[in-house]
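Participant:
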Amino acid sequence: MHIVVLIKQVPDMNAVRIDKGTGRAVLSDQRVISSYDAYAIEEALRLKERHGGEVTIISAGPPSVKDALTRALAMGADRAVLVQLADVHELDTLAVARVLAEQIRQIPYDLVLAGQSSDDYESGQVPPHVAELLNLPMVSSVMGLEIEGERLILRRDVEDGSQTVEAPMPALLMAITGLNEPRYPSLKGIMAAKKKPLDLVEASPVEPSRLSWTEPEAPERTTSGVIVQDLPAAEAAQQLVGWLREQKLVS
Amino acid sequence: MAGIVVVGEVGAGGLRPVSWEALAAGRAVAEALGEPLVGLIMGSGVDEEARTFGAGLDRLLVADQPELDMLTAETATAVLAAAIRDVEPSVVLMPGTTLGRDYAPRLAARLGVPCAADCIDFAVEDGALVAVRPVLGGRVQSVVRFTGEGPWLATVRPGSFEQAQTASDASPAPEAVAVELSADDLRVSVRETVEKQAGPTNLTAAKVVVSGGRGLKEPDNFRLVEDLARVLDGAVGATRAVVDAGWRPHHEQIGQTGVTVSPRLYVAVGVSGAVQHNVGMHGSDYVVAINRDPDAPIFKIAAFGIVGDAFEVVPAIIEALEAGRG
């Protein structure tokens, strides 16, 4: 079974700061594999272990993305492709998807796996775009994956409950929390990763983006609530309990 | 090109509330562009929902056929593509649900048009649609501008808009959308949907919910949340971050990929208030937030906020509550 996994390298979202002066977000230099994408990598490796085959990781971005790809190789993927783009956020999601779809077209595959959305821009649009561009059926929010014969049996979380969905292969699946527990690269895996192929390719076709966006800023505070600050804990607690009683929220 | 198409979504309990939010957003865009407002409902046996949704609109499109009973990204994309071919709208607003966020980008790629995900506000500037969407965990927002040929597509984040009021006007005559589903459109099939069970804490029905987030630093510190919940006779909830970290079970997770709660009182301890959390509790009557970071977005939705150390403040609250009861 040949599996392609799409991943994105993102700044560590636990370390985002808001600059008080400008209201702008200050991102960490620490770059990681976007969290849902790690589930996609893990699931691909488990499928390979069970059914054999090859796992190819594809990402687009600047040279720093090699770190994310190397980590995926250390986890056990067989090869990686970096589509070179100085800044993926200069393109809209459809332009990025076209670039990725073009790379996927060049290799044989039975499955394309991706994370549900990226930790940073969270649009979750690139995988559905790719599915359409490759004319693949897609299933998102995948929490469980079984293969019955030639069919995929997928469990997913939706608004109304837990859904079981059936799809043929090839297909594109979007992974979410609960699918698995991503492994850490072993020392052996880290050593082996150095010898695995990591190809750098030119991005093509880069088509013009139809969306442009501003640098993210903190919205203006619109609260009309009471905010208690710089008070000793006991005093703040007294004020809260007084308020709770006034609102008849506690007896 | 003319018209703003707003897609409503029919769930297990009828029209989802986000349908009315999308409609409110769509109405404002239609007025700004001076174009008609067109509703669209798809499914099987959705006649009644369509009429309800269509009240007061300029046009109402309905795709009602058995194959659309359990919609998938593929069937919904086929319906939307057909409707867009007929109506040639300039803007299409779709619900930011699991389904909407599947088919909207799929549709965008089919038509080669731009799509903005999960928008919380819209405006029209110089004839172009502009959308606001939360990014980087929801603490900041980006303004997205559409350019070039339409239709321009966007999904509407649930819980971001006031729900449009049902107009008393009669519904326009429903226009059937003729959809020819191909074999490719039917590749994914839904076997079954098992409705959600409330967790052991009965979180969804609780009058009081006390939830904890990353600010608690360690799993053991969650006893602060449990203690406060006990004193307030409430249920315990958790953010995605602490569930992902394995501190708490998944059924306690509040937010986009967890449960939605709407208690009378919601107390957030060490919860920053990322959008994916807030969508799961924005229906709460009173929100109390305790957090060290004065800029935490949770304070924007809090009726009462304490900027301070949860490890000091929470025990003090428990003490004050118990003292009051003698």
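Chains as they are written, first to last, in this note's numbering: chain A, 157 to 407; chain B, 25 to 350. Beta carbons are placed, not taken as given, at the ideal position from N, Cα and C, and that holds for glycine.
(1) For LYS164 (chain A), collect the residues of the same chain with a Cβ closer than 7 angstroms to its Cβ; drop the 5 residues on either side in sequence, then sort them by chain order.
(2) Tell me, which residues are paired with ILE383 (chain A) by DSSP?
(3) Excluding sequence positions up to five away, which residues of its chain have a Cβ less than 8 angstroms from the Cβ of ALA197 (chain B)?
(4) Once the 5 residues before and after VAL201 (chain B) are set aside, which same chain residues still bring their CB inside 8 angstroms of it?
(5) For ALA251 (chain A), count the other beta carbons within 10 Å of its own beta carbon; 16 or more makes it buried, fewer makes it exposed. Which is it?
(6) By DSSP's criteria, ASP110 (chain B) is part of a beta bridge. Which residues make up the other side?
(7) Counting only runs that start and end within the segment 96–171 of chain B, where is the alpha helix (DSSP H) found for 4 or more residues in a row?
(8) Taking the straight line between their C-alpha atoms, what separation do you get for GLY151 (chain B) and PRO129 (chain B)?
(9) Assign TYR310 (chain B) to one of three DSSP states: helix, strand, or coil.
(10) Could you give the DSSP three-state label for VAL295 (chain B): helix, strand or coil?
(11) Is it buried or exposed, LEU343 (chain A), if we count other Cβ atoms within 10 angstroms and call 16 or more buried?
(12) Inspect the beta-carbon positions of GLY307 (chain B) and VAL283 (chain B) and report whether they are closer than 8 angstroms.
(13) Pick out whichever of B:GLU336, B:GLU343, B:GLU346, B:GLY32 has its Cα sitting closest to the Cα of LEU179 (chain B).
(14) Within its chain, find whatever has a CB closer than 7 angstroms to the CB of ILE322 (chain B); leave out the 5 residues flanking it on each side and keep chain order.
(15) If you draw a straight line from the alpha carbon of GLU242 (chain B) to that of TRP271 (chain B), how long is it in whole angstroms?
(16) Given a limit of 7 angstroms on CB to CB distance, which residues of the segment 288–308 of chain B reach chain A?
(17) Quick one: Cα of ALA222 (chain B) to Cα of ALA259 (chain B), how far?
(18) DSSP three-state call for ASP355 (chain A): helix, strand or coil?
(19) Taking the alpha-carbon of LEU393 (chain A) as reference, which of B:GLY239, B:ILE342, B:LEU123 has the nearest alpha-carbon?
(20) Check whether the Cβ of VAL268 (chain A) lies closer than 8 angstroms to any Cβ atom in chain B.
(21) Contact defined as beta carbons within less than 8 angstroms: I believe TYR195 (chain A) pairs with ALA349 (chain A). What is the distance between those atoms, to the nearest angstrom?
(22) From the DSSP output, read off the bridge partner residues of ASN315 (chain B).
(23) Nearest to VAL314 (chain A) by CA position, among B:GLY161, B:PRO287, B:ASP145, B:GLY124, is which residue?
(24) From the DSSP output, in three-state form, read off VAL397 (chain A) for me.
(25) Who are the neighbours of ASN336 (chain A) on chain B, taking C-beta pairs under 7 angstroms?
(26) Please report the residue range of the alpha helix (DSSP H) in which GLN259 (chain A) lies.
(27) Quick check: the Cα distance between GLN187 (chain B) and ALA270 (chain A), rounded to an integer number of angstroms?
(28) Using C-beta distances below 7 angstroms, list every residue in its chain close to ALA56 (chain B), excluding the 5 sequence neighbours before and after it, in chain order.
(29) Residues in the same chain with beta-carbon distance under 7 angstroms from GLY345 (chain A), minus the five sequence neighbours each way, listed in chain order, please.
(30) Measure the alpha-carbon distance for PRO224 (chain B) versus ALA265 (chain B) and round it to whole angstroms.
(31) Of the choices A:GLY317, A:GLU337, A:ARG366, A:ASP355, whose alpha-carbon is the least far from that of TRP176 (chain B)?
(32) Check distances from the C-beta atoms of the segment 326–337 of chain B to those of chain A and list, in chain order, the residues that come in under 8 angstroms.
(33) Cα-Cα, which of A:LEU267, A:PRO283, A:ASP276, A:GLY300 is closest to GLU306 (chain A)?
Facilitator: Working from what's here:
(1) Here residue 164 (chain A) is taken as the residue at index 8 of the first sequence, counted from 1. Cβ within range, chain order: SER190, ASP193, SER215, SER274.
(2) Locating residue 383 (chain A) in the first sequence gives position 227, where the first residue counts as 1. DSSP lists B:GLY329 as partners of ILE383 (chain A).
(3) On the second sequence, residue 197 (chain B) is found 173 positions in, with the first residue counted as 1. So the qualifying residues of the chain are LEU84.
(4) Looking up residue 201 (chain B) in the second sequence gives position 177. LEU64, MET66, LEU85, VAL86, ALA87, VAL103, ALA106, ALA107, ASP110, listed in sequence order.
(5) Within the first sequence, the letter at position 95 stands for residue 251 (chain A). The residue in question, ALA251 (chain A), is buried, as its Cβ has 16 or more Cβ neighbours within 10 Å.
(6) As a working note, residue 110 (chain B) is residue 86 in the second sequence. Its beta-bridge partners do not exist; DSSP assigns none.
(7) 97–111, 122–135
(8) If you number the second sequence from 1, residue 151 (chain B) lands on position 127. If you number the second sequence from 1, residue 129 (chain B) lands on position 105. Computed Cα separation, rounded: 23 angstroms.
(9) Counted from its first residue, the second sequence places residue 310 (chain B) at position 286. Here TYR310 (chain B) sits in strand by DSSP.
(10) Stepping through the second sequence from its first residue, residue 295 (chain B) is reached at position 271. Three-state DSSP puts VAL295 (chain B) in coil, outside helix and strand.
(11) On the first sequence, residue 343 (chain A) is found 187 positions in, with the first residue counted as 1. Exposed, because fewer than 16 other Cβ atoms sit within 10 Å of the Cβ of LEU343 (chain A).
(12) In the second sequence, the residue the question calls residue 307 (chain B) occupies position 283. In the second sequence, the residue the question calls residue 283 (chain B) occupies position 259. Taking 8 angstroms as the Cβ cut-off, GLY307 (chain B) and VAL283 (chain B) do not qualify as a contacting pair.
(13) Your numbering for residue 179 (chain B) matches position 155 in the second sequence. The residue you asked about is not Leu; residue 179 (chain B) is Thr in the sequence shown. When only C-alpha atoms are compared, the closest one is B:GLY32.
(14) Here residue 322 (chain B) corresponds to residue number 298 of the second sequence, with the count starting at 1. So the qualifying residues of the chain are ALA292, VAL295, SER296, GLY297, ALA313, ASN315.
(15) Taking the second sequence and counting its residues from 1, one reaches residue 242 (chain B) at position 218. Taking the second sequence and counting its residues from 1, one reaches residue 271 (chain B) at position 247. Using only the alpha carbons, I get a separation of about 8 angstroms.
(16) ARG288, LEU289
(17) As a position in the second sequence, residue 222 (chain B) is number 198, starting the count at 1. As a position in the second sequence, residue 259 (chain B) is number 235, starting the count at 1. In this prediction, ALA222 (chain B) scores a pLDDT of 45, lower than 50, which makes its location untrustworthy; the coordinate-derived value is nonetheless stated afterwards. Roughly 12 angstroms separates the two Cα atoms.
(18) In the first sequence, counting from the first residue as 1, residue 355 (chain A) sits at position 199. Residue state, collapsed to three classes: strand.
(19) If you number the first sequence from 1, residue 393 (chain A) lands on position 237. As written in the sequence, residue 393 (chain A) is Ala, which differs from the Leu given in the question. The candidate whose alpha carbon is nearest that of ALA393 (chain A) is B:ILE342.
(20) Locating residue 268 (chain A) in the first sequence gives position 112, where the first residue counts as 1. Cβ-Cβ to chain B under 8 angstroms: no for VAL268 (chain A).
(21) As a working note, residue 195 (chain A) is residue 39 in the first sequence. As a working note, residue 349 (chain A) is residue 193 in the first sequence. Not really, about 20 angstroms apart at Cβ, beyond 8 angstroms.
(22) For this step, residue 315 (chain B) is matched to residue 291 along the second sequence. Partner(s): B:VAL331.
(23) Stepping through the first sequence from its first residue, residue 314 (chain A) is reached at position 158. Taking only the C-alpha atoms, the option nearest VAL314 (chain A) is B:GLY124.
(24) Here residue 397 (chain A) refers to the residue found at position 241 when the first sequence is read from its first residue. DSSP places VAL397 (chain A) in helix when its eight states are reduced to three.
(25) Numbered from its first residue, the first sequence carries residue 336 (chain A) at position 180. Result: empty, since nearest Cβ-Cβ is about 13 angstroms, beyond 7 angstroms.
(26) In the first sequence, the residue the question calls residue 259 (chain A) occupies position 103. Start and end: 249–260.
(27) Here residue 187 (chain B) corresponds to residue number 163 of the second sequence, with the count starting at 1. Here residue 270 (chain A) corresponds to residue number 114 of the first sequence, with the count starting at 1. Roughly 33 angstroms separates the two Cα atoms.
(28) For the purposes of this step, residue 56 (chain B) is taken as the residue at position 32 of the second sequence. Within the same chain, ALA56 (chain B) has close Cβ partners VAL148.
(29) Sequence index remark: in the first sequence, residue 345 (chain A) carries index 189 (1-based). Contacts found: ALA230, MET231, GLY232.
(30) By 1-based counting over the second sequence, the position of residue 224 (chain B) is 200. By 1-based counting over the second sequence, the position of residue 265 (chain B) is 241. Confidence is the limiting factor: at PRO224 (chain B) the pLDDT is only 46, short of 50, which leaves the residue's position unreliable, though a coordinate-based value still follows. Distance between the alpha carbons of PRO224 (chain B) and ALA265 (chain B): 21 angstroms.
(31) Translated into the one-based positions of the second sequence, residue 176 (chain B) becomes position 152. Nearest of A:GLY317, A:GLU337, A:ARG366, A:ASP355 to TRP176 (chain B), Cα basis: A:ARG366.
(32) ALA326, ALA327, PHE328, GLY329, ILE330, VAL331, GLY332, ASP333, GLU336, VAL337
(33) As a first step, residue 306 (chain A) must be located in the first sequence, where it is residue number 150. Among A:LEU267, A:PRO283, A:ASP276, A:GLY300, the Cα nearest to that of GLU306 (chain A) belongs to A:LEU267.
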